[in-house]
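Numbering (our numbering), first residue to last: 24 to 430. Here is the structure we will look at, set down as structure tokens.
Set out below in structure tokens:
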């Protein structure tokens, strides 16, 4: 049966529908805002328990909104997502080497005093400064509270962010820095050498004795803080971080493992030598063999100080960049063996998928987070052994495709 309709009713209905469509985004935005504010308020008990006043808390979060750039950046960390050869070329550039050499001259007296006090090589201190903030020229311009709040309230890195937020609030309350000056990276890393708040609280140093640990605007404080951190995390005075090495023909790739640590003398017995022909500093130094781009790329013997650098940033490519830059600042040359240009580097979603497939086979434990660390490299090696493949641990596209094909 056909029902006659009043034209005026049709117009009113259409208008109401249009208004409803227009109102929906506003309703959604209001809901998101309420959710964000509820998230911020959920941080108050932890902050209060740590001694933060309500005035400090409210001032820090006044007008808070999530920063979409932070979420995007969290999924694009160059030391994890770029092919290592590309990352190394960008970080250890001629421009950064020359700038670092000038910093060694400009701060010669300071660096000498830090070497004496902490036993940390001045070239490594300056290399970290260069890699972290390009010698203070790129320390990050994001408000640390907003960045960390975004990581927490979007669930991107909530477990990491919560204690960092509480500590950042305590730093503000103590008066070491103002909210306006408390800028840093998307992850809340701050100052010349990029300390996160909890690291700042434990290891920052007031080098010039002015009563403040100012890693944002005070270079002596920032560099001393870095030296302090490395010393506490196992830096050994007078030892190198590592060496580029040449492997003998027919060398068993199964021996390439960061978890296998033995004296340099034992590696020498296997035919491993420095690429420049020089002797190792001490045959007794403990080292592991590291080939970050697989059998086709350069190989390194890395020592205890390499692992100390890894405490600063867990990406092996980062530690390698710091180590190599420190060598270049000392006057050393470029790497002898080139990085492969056909690395088949995996994107973030592919790295997560690779880890999920390794987890499903019981070769890996933990979470599939896309971060390729020692555990993932060892899992890849274990898989390569089951397939009778060369065991270099490199997480290539070939490995991923093979895992996929097996279901």
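Quick reminder that beta carbons are idealized off the backbone N, C-alpha and C, glycines included. Since the model is a prediction, treat every value here as computed from it, not as a measurement.
Exposed unless 16 or more other CB atoms sit within 10 angstroms - verdict on residue 304: Residue mapping note: residue 304 aligns to position 281 of the chain shown, counting from 1. That one is exposed.
Complete runs of the alpha helix (DSSP H) confined to the region 232-261 [at least 4 residues]: 242-255
The region 84-91 touching the region 104-120, judged by at least three CB pairs closer than 8 Å: no
Nearest-angstrom Cβ-Cβ length linking residue 142 and residue 260, presumed shorter than 8 Å: On the chain shown, position 119 is the one that residue 142 refers to. On the chain shown, position 237 is the one that residue 260 refers to. Indeed, because the Cβ distance is near 3 Å, the residues count as touching under 8 Å.
Option in 347, 368, 229 with minimal Cα separation from residue 359: Within the chain shown, numbered from 1, the residue matching residue 359 stands at position 336. Comparing Cα-Cα distances from residue 359 to each of 347, 368, 229, the minimum goes to 347.
Inter-residue Cα distance where the pair is residue 371 and residue 231: As a first step, residue 371 is located in the chain shown; it is residue number 348 there, counting from the start. As a first step, residue 231 is located in the chain shown; it is residue number 208 there, counting from the start. If you take the alpha carbons of residue 371 and residue 231, they lie about 43 Å apart.
Same chain, Cβ closer than 7 Å to residue 327, five either side skipped, listed in chain order: What you label residue 327 is simply residue 304 of the chain shown in a count that begins at 1. Once the five neighbours on either side are set aside, the close Cβ partners of residue 327 are 257, 259, 262, 309.
Between the CA atoms of residue 430 and residue 151 - distance to the nearest angstrom: Within the chain shown, residue 151 is the residue found at index 128, counting from 1. Within the chain shown, residue 430 is the residue found at index 407, counting from 1. Rounded to whole angstroms, residue 151 to residue 430 spans 43 Å at the Cα level.
Nearest residue (CA-CA) to residue 364, options 74, 70, 105: On the chain shown, position 341 is the one that residue 364 refers to. Checked all of 74, 70, 105; the closest Cα to residue 364 is 105.
Same chain only: Cβ atoms within 6 Å of residue 208, ignoring 5 sequence neighbours per side: Working through the chain shown from its first residue, we reach residue 208 at position 185. Cβ within range, chain order: 163.
Segment limits, alpha helix (DSSP H) that includes residue 153: Locating residue 153 in the chain shown gives position 130, counting from the first residue. Here the alpha helix (DSSP H) through residue 153 covers 145-156.
The beta strand (DSSP E) enclosing residue 386, as first and last residue numbers: Numbered from its first residue, the chain shown carries residue 386 at position 363. Note, residue 386: premise wrong, no beta strand (DSSP E); not H, not E.
Whole-angstrom distance between residue 427 and residue 420, CA atom to CA atom: The count along the chain shown starts at 1 and reaches residue 420 at position 397. The count along the chain shown starts at 1 and reaches residue 427 at position 404. Roughly 10 Å separates the two Cα atoms.
Residue 328, DSSP secondary structure in three states: Taking the chain shown and counting its residues from 1, one reaches residue 328 at position 305. Three-state result, residue 328: helix.
Touching by the beta-carbon criterion (3+ pairs, under 8 Å), the region 310-320 and the region 118-131: no
Cβ of residue 383 within 8 Å of any chain D Cβ: Structure shown: chain D not included; a single protein chain is present.
First and last residue of the uninterrupted beta strand (DSSP E) at residue 72: Sequence index remark: in the chain shown, residue 72 carries index 49 (1-based). Segment 67-72 is the alpha helix (DSSP H) holding residue 72; no beta strand (DSSP E) there.
Three-way DSSP call (helix, strand, coil) for residue 114 in this model: By one-based count along the chain shown, residue 114 stands at place 91. Helix, per DSSP.
Inter-residue spacing [alpha-carbon to alpha-carbon] between residue 120 and residue 134: Position 97 of the chain shown, counted from the first residue, corresponds to residue 120. Position 111 of the chain shown, counted from the first residue, corresponds to residue 134. Taking the straight line joining both Cα atoms gives about 17 Å.
For residue 418 and residue 384, believed in contact at Cβ under 8 Å, the rounded distance: Taking the first residue of the chain shown as position 1, residue 384 is located at position 361. Taking the first residue of the chain shown as position 1, residue 418 is located at position 395. 14 Å between Cβ atoms; not a contact.
Spatially closest choice to residue 267 from 297, 354, 191, 172, by CA coordinates: Numbered from its first residue, the chain shown carries residue 267 at position 244. Here the closest residue by C-alpha is 297.
Burial state of residue 287, where buried means 16 or more other Cβ atoms lie within 10 Å: Locating residue 287 in the chain shown gives position 264, counting from the first residue. Buried.
Straight-line Cα distance separating residue 252 from residue 158: In the chain shown, residue 158 corresponds to position 135, counting from 1. In the chain shown, residue 252 corresponds to position 229, counting from 1. Rounded to whole angstroms, residue 158 to residue 252 spans 18 Å at the Cα level.
Three-state class that DSSP yields for residue 190 in the structure shown: Locating residue 190 in the chain shown gives position 167, counting from the first residue. Residue state, collapsed to three classes: helix.
Spatial neighbours of residue 391 in its chain, beta-carbon cut-off 7 Å, leaving aside the 5 residues before and after: The count along the chain shown starts at 1 and reaches residue 391 at position 368. The residues are 375, 378, 379, 382.
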